[in-house]
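Line order of the protein sequences matches chains A and B.
All the letters of the first sequence, read from the start, carry residue numbers 1 to 533 under our numbering.
All the letters of the second sequence, read from the start, carry residue numbers 534 to 723 under our numbering.
Heads up: the structure comes next, in structure tokens.
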Amino acid sequence: MTVLEYVWAGVLAVIAGPAAFEIFGLGVPITVLMVFGGFVIGIVGGATPGLAGPFLMAVSLPILLSIFGFTPDALLPVLGFLVGVMKGATVGGAVPAILFNTPGTPDAMLTTFDGYPMAQKGQAGKALRTAHFASVSGDTFSDLVLFTCAPFLAIAVEAYLGFGEKAALILLSLAFVAAVVGASPMKGMIAAFFGLFVAAIATGEDSHPRLTFETDFLANGVPLITAVLGVLILGEVLFAFEQMWRDRRIERLKKVQQEGDQRLTWAERKRLFPFISVSALIGTGIGALPGIGSTLAATLGYATGDRMHKGPVKFGDGTPEGIAATEAANSSVSGANLIPVLSLGIPGNVGAVFLILAAESIGGFNPGPSVFRFTTSEVNPELVIAFGLFTAMMLANIMNWIIGGRIMAACGVMSRIPKQVLLPIVLLLTLTAIYVQETDFNAFYFAFAFAVLGYLMRKLKVPTLPFVIAFILAGNLETSIRQAFAVSGGDPWFLFKSPLSILFLLIAVGVIIFFSRPKKPAANKAIAAERDR
Amino acid sequence: MLDRKTEIWVALICLVASLLTAILWVPFDSETPPIYDFRRQTYIGDAMLPMVAALGIAVCALVHLLLSWRRQVTEADGPFDKLTAAFFLSLFAIIIAAFVVMYWAGPIALALFGPSGDEAVTYRQMRSTVPWKYVGFVSGGFILVFGITSLLEGAMHWKRALSSILAIVVLIVIFDVPFDTILLPPNGDF
């Protein structure tokens, strides 16, 4: 098949796939329905402080696997739903940020700087429209960059990198994530090595499973989704419980009368283009690097927009350019985040973690360089799935353009749910989702063990993302190293044989040393908050 | 970053635990060593990954220990205090109670109120039938949600009891009603 035939096959896999039901004799493809469902749930969840895109993806994954099973037909509906959630949550987080000065998702914190003052002046409608316009523009731009860059990068990696270089690249990615996330690269490295260690339990090539203390409890290893949900979601929930218990603050939400023209005219949109464009570039560049989150992108986008801005109302006093600068940046991270996922198989953020988990659980699609093999003599099904995924992302963008703003406007009520009511329900929901997947009460013990681990890591300011990414990549890393070692004929210096692998390893060491230097006090609290998360 | 004393303790604990792991646990609980020869070929064994991981933790912990030692002493509270212990004792008491009730409420309810005598049935036979399949999930889930909400608010309100029940009903509608193959907790264990 030619390139265009593969693209068309991917498009058809989505829009002409199995139908969920029929309306007037016209089948509604299940993948399209799942993208829509995920998108709506993503906006609603993103608009609810305490829920975020990764949490919704985490909880829905076991349910989706139970519904669709583990056949290749399940791939596009499941991935489509997760992608819809990712995009919906990206735009939904701005709603409570603007209406109630409470970011729905962490990366919407800077949207409060100008969004809430605009709402206070009676311009909440305009602020929401600005946030939606900037968000969907940035998201669409970064998706287009993903569609063009990921295949080329994957082909280059597959063509030029052998086992040793691939192993070195994984080590570089782990080192990069460990170094940039959190305030201490050493703690990040400890978290990453710990993730490798936990992943080693009961895995390996020997008949006797390693590191199990000869117990049945550990003999099947650590359940992947349970461990990730435990550390990322339940750990965060325990942390939030403690904070709420200590604070016991109840917030009263004030209503402000809306006044003036709430529409966003074309002239106003034209004025926002420079800010959206620059922020989209910043967000896409940052998103392509694993480990650096949308909050930092939003911060840099906001700071850059502030320097560009010459309008009468300053950034921070309620100007649409402030909203546009931050929302375009944080939204354009989501598409670019998938560049390392699809081209290298390396999850760079929490959302990508769940996409990879879904693909690994179902099977038939291994995100990485091998996906983009444009074989002409026989069909590469993984490539069809990849283009199907791109189609699903574009569909979600189209839905966002057409109806995203309206759904956003209706979601303000979600912010009124008190966190002390919502989070215990979140806990039960997560435990139920884990049970649905594992069907074993022992899974609860694993979940809570990892919840306590996630809590301790947050309290001790040890970043959790390097742990999770290392946990997921451990299998690939060990396989690459074993293969590289075998191919080298048992050479102990196999990792240092090729100039590329030496370069990757040197960059890894350089990154750790660079980020270990004593830092100047951050002028911007947001940058400090991102580092210390 | 945390205060100097806490960072030093974190580094020390990681250093000691990882060294003990690398020297004792990994070699004794892996079938093959890090590198071994078999039929004149050299292979990487199962002990390699965990040993490298443990030694990696040890090295990073040592560097972190040295960096933290050089920091200036500051007056700051550690991350844990008596309130932490008090809170988690209460929280885990609620969670344990919820799990115990969730697991046993169904079988106990069936034994007390279910068919008896010649028509006696086991919980396994009834685990997919209404109302027995919901007894454990509803009662344990209610204790979990309402208990934790009350703990966080410091008081019990009937509105929170209602919202807890409503949330559980919604979860049943999402997870159980549409699907025949999904089992709510704890039914999969019987």
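Backbone N, C-alpha and C define an ideal beta-carbon position, used for all residues, glycine too.
Bear in mind the structure is a predicted one, so any value in this text is a computation, not a measurement.
Who are residue i's beta bridge partners in DSSP?
{"i": "T90 (chain A)", "result": "Partner(s): none; T90 (chain A) has no beta bridge."}
{"i": "Y569 (chain B)", "result": "B:Y576"}
{"i": "I23 (chain A)", "result": "A:L26"}
With a CB to CB cut of under 7 Å and the five nearest residues on each side skipped, what residues in its chain are close to residue i?
{"i": "I282 (chain A)", "result": "A297, L300, G301, T304, A329"}
{"i": "A587 (chain B)", "result": "S551, T554, A555, V559"}
{"i": "G291 (chain A)", "result": "F176, V177, V180, V181, G348, L465"}
{"i": "V671 (chain B)", "result": "I701"}
{"i": "L548 (chain B)", "result": "A591, A594, L595, L598"}
{"i": "T112 (chain A)", "result": "A97, N101, P103"}
{"i": "Y6 (chain A)", "result": "F374, L383, V384, F387"}
In this structure, how does DSSP classify residue i when only helix, strand and coil are distinguished?
{"i": "V28 (chain A)", "result": "strand"}
{"i": "F441 (chain A)", "result": "coil"}
{"i": "Q262 (chain A)", "result": "coil"}
{"i": "I417 (chain A)", "result": "coil"}
{"i": "I346 (chain A)", "result": "coil"}
{"i": "P424 (chain A)", "result": "helix"}
{"i": "A13 (chain A)", "result": "helix"}
{"i": "L460 (chain A)", "result": "coil"}
{"i": "F613 (chain B)", "result": "coil"}
{"i": "P274 (chain A)", "result": "helix"}
{"i": "S683 (chain B)", "result": "helix"}
{"i": "F81 (chain A)", "result": "helix"}
{"i": "E378 (chain A)", "result": "coil"}
{"i": "E564 (chain B)", "result": "coil"}
{"i": "R603 (chain B)", "result": "coil"}
{"i": "M534 (chain B)", "result": "coil"}
{"i": "A522 (chain A)", "result": "Low confidence applies here, because A522 (chain A) scores a pLDDT of 48, under 50, leaving its location unreliable; read the following figure in that light. Three-state DSSP puts A522 (chain A) in coil, outside helix and strand."}
{"i": "A433 (chain A)", "result": "helix"}
{"i": "D247 (chain A)", "result": "helix"}
{"i": "R517 (chain A)", "result": "coil"}
{"i": "L557 (chain B)", "result": "helix"}
{"i": "I289 (chain A)", "result": "As written in the sequence, residue 289 (chain A) is Leu, which differs from the Ile given in the question. L289 (chain A) falls in the coil class under three-state DSSP."}
{"i": "G368 (chain A)", "result": "coil"}
{"i": "K497 (chain A)", "result": "coil"}
{"i": "R533 (chain A)", "result": "At R533 (chain A), the pLDDT of 43 sits below 50, so the modelled position is not reliable; the number obtained from the coordinates is stated separately. Looking at R533 (chain A) - three-state DSSP - the assignment turns out to be coil, as it is neither helix nor strand."}
{"i": "L716 (chain B)", "result": "coil"}
{"i": "M399 (chain A)", "result": "helix"}
{"i": "T655 (chain B)", "result": "coil"}
{"i": "L161 (chain A)", "result": "coil"}
{"i": "D491 (chain A)", "result": "coil"}
{"i": "V452 (chain A)", "result": "helix"}
{"i": "A688 (chain B)", "result": "coil"}
In its own chain, which residues sit with a C-beta less than 6 Å from the C-beta of residue i, not counting the 5 before and 5 after it?
{"i": "M118 (chain A)", "result": "A127, G318"}
{"i": "K270 (chain A)", "result": "none"}
{"i": "A694 (chain B)", "result": "F679"}
{"i": "M689 (chain B)", "result": "S683"}
Our contact map puts residue i next to residue j with C-beta atoms below 8 Å; I'd like the distance itself, whole angstroms only.
{"i": "L56 (chain A)", "j": "G42 (chain A)", "result": "6 Å"}
{"i": "L234 (chain A)", "j": "F39 (chain A)", "result": "No, L234 (chain A) and F39 (chain A) are not in contact; Cβ-Cβ is about 26 Å, not under 8 Å."}
{"i": "G322 (chain A)", "j": "D139 (chain A)", "result": "Not really, about 19 Å apart at Cβ, beyond 8 Å."}
{"i": "F448 (chain A)", "j": "V231 (chain A)", "result": "That pair is no contact at about 11 Å."}
{"i": "P54 (chain A)", "j": "G351 (chain A)", "result": "5 Å"}
{"i": "I481 (chain A)", "j": "A167 (chain A)", "result": "5 Å"}
{"i": "V136 (chain A)", "j": "G412 (chain A)", "result": "No, V136 (chain A) and G412 (chain A) are not in contact; Cβ-Cβ is about 19 Å, not under 8 Å."}
{"i": "V35 (chain A)", "j": "M408 (chain A)", "result": "Contact flag wrong, Cβ pair sits at about 17 Å."}
{"i": "G490 (chain A)", "j": "V14 (chain A)", "result": "Contact flag wrong, Cβ pair sits at about 47 Å."}
{"i": "A149 (chain A)", "j": "I339 (chain A)", "result": "First, the amino acid is wrong: residue 149 (chain A) is Cys here, not Ala. With 8 Å as the limit, C149 (chain A) and I339 (chain A) qualify as a contact, their Cβ atoms being about 6 Å apart."}
{"i": "V487 (chain A)", "j": "F163 (chain A)", "result": "6 Å"}
{"i": "I225 (chain A)", "j": "L357 (chain A)", "result": "6 Å"}
{"i": "P583 (chain B)", "j": "A200 (chain A)", "result": "4 Å"}
{"i": "E165 (chain A)", "j": "L500 (chain A)", "result": "5 Å"}
Ignore the nearest five residues each way along the sequence and tell me which others in residue i's own chain have a CB closer than 8 Å to its CB.
{"i": "L238 (chain A)", "result": "A451, V452, G454, Y455"}
{"i": "A19 (chain A)", "result": "G27, V28, P29, I30"}
{"i": "F444 (chain A)", "result": "L431, I434, Y435"}
{"i": "P612 (chain B)", "result": "L535, T539"}
{"i": "T575 (chain B)", "result": "I568, Y569"}
To test your reading of the DSSP string, which unbroken alpha helix (DSSP H) runs of 4 or more residues are found completely within the segment 171-225 of chain A? 185-200, 216-219
Can you list, in chain order, the stretches of the beta strand (DSSP E) that have 3 or more residues and sit fully within the segment 28-73 of chain A? none
Every unbroken beta strand (DSSP E) within the segment 292-356 of chain A, with a cutoff of 3 residues, ordered by chain: Runs of the beta strand (DSSP E) inside the segment 292-356 of chain A: none found.
What ranges does the alpha helix (DSSP H) occupy inside the segment 95-132 of chain A, keeping only unbroken runs of at least 4 residues that lie completely in it? 111-120
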